[in-house]
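First up is the structure itself, then whatever we jot down about it.
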Amino acid sequence: RAKEKMEKLSRYDPRLSAAEVIFDCESHTKRAEAILSVDGGDPVVARGEGSEFRESLDQLIDRLSKIVRRRRSQIKDHQGPKLSDVVAPEALIPEE
1 RAKEKMEKLS RYDPRLSAAE VIFDCESHTK RAEAILSVDG GDPVVARGEG SEFRESLDQL
61 IDRLSKIVRR RRSQIKDHQG PKLSDVVAPE ALIPEE
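Residue numbers (the numbering used here): 1 to 96.
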């Protein structure tokens, strides 16, 4: 189940290259933690807690998808628009 959920995160950012999921049980609390490796970027880390592993995994996936979508939307396009798109063709021809 964890593998399927992690594979679906790649639709938000195709640069995701690897994921490591850690499950931990402490008394009555189940925890899930994930580390996502992103090509050309910092890793993404998130945690989820719940009374069951399924609940903690769902919480973890919600947090990861939110983080990945936010980071992907913050990437800027550093290449400016072409001059022909900005200036009308008539303005490029010098007047006599």
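Just so it is clear, CB atoms sit at the ideal spot from N, CA and C, and this is done for glycine as well.
Just so it is clear, the structure is predicted and the values come from calculations on it, not from any experiment.
{"Query": "Quick one: grab the DSSP three-state call for Asp62.", "Result": "helix"}
{"Query": "Would you mind working out which of Ser37, Pro43, Ala32 and Val38 sits nearest Ser51, comparing C-alpha positions?", "Result": "Ala32"}
{"Query": "Return the first residue and the last residue of the alpha helix (DSSP H) that Lys5 is part of.", "Result": "Ala2 to Lys8"}
{"Query": "Please report how far the alpha carbon of Ala2 lies from the alpha carbon of Leu57, in whole angstroms.", "Result": "7 Å"}
{"Query": "Using three-state DSSP, classify Glu52 as helix, strand or coil.", "Result": "coil"}
{"Query": "Suppose you measure from the CA of Ala18 to the CA of Cys25; what does that come to, to the nearest Å?", "Result": "24 Å"}
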